[in-house]
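Worksheet for the structure shown next.
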Amino acid sequence: MAAQRLPRGTRLKPVRLGWAIEERKKQRLEALAAHAGVSGAVFLERLIDHVDTELNDRGLPTWWPEQQPPRDGELPIDSA
């Protein structure tokens, strides 16, 4: 079964992503999309829409690790 794609002309300002990600992560995204019966692009857009419903007061997903923001005028330093 072919993946469901959005009808041509549906996106207002489509862009191609030029990011490099781990191959296994891309394969996982494609597998999830195929299981849902949609294209990778449609799956990613819906994933982003879902994440937008789970933001904390700092604008990050609730599952994102807590990090203390640097104080005004401070630069973050790794504590390794």
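Each number in the working numbering corresponds to the 1-based position in the sequence shown with 458 added.
Glycine included, C-beta positions come from ideal geometry on N, C-alpha and C.
Requested in this report: Determine, using beta carbons only, whether F501 and L487 come nearer to each other than 9 Å.
Outcome: At the C-beta level, F501 and L487 come within 9 Å of one another.
Query raised in the report: Hey, would you say A491 sits closer than 9 Å to S497, going by beta carbons?
Result: A distance below 9 Å separates the beta carbons of A491 and S497.
Query raised in the report: Between the C-alpha atoms of D530 and R516, what's the straight-line distance to the nearest angstrom?
Result: Note on geometry: alpha-carbon atoms of D530 and R516 lie some 16 Å from one another.
Requested in this report: Along the alpha helix (DSSP H) that carries G498, what are the first and last residues, could you check?
Outcome: Per DSSP, G498 belongs to the alpha helix (DSSP H) from G498 to V509.
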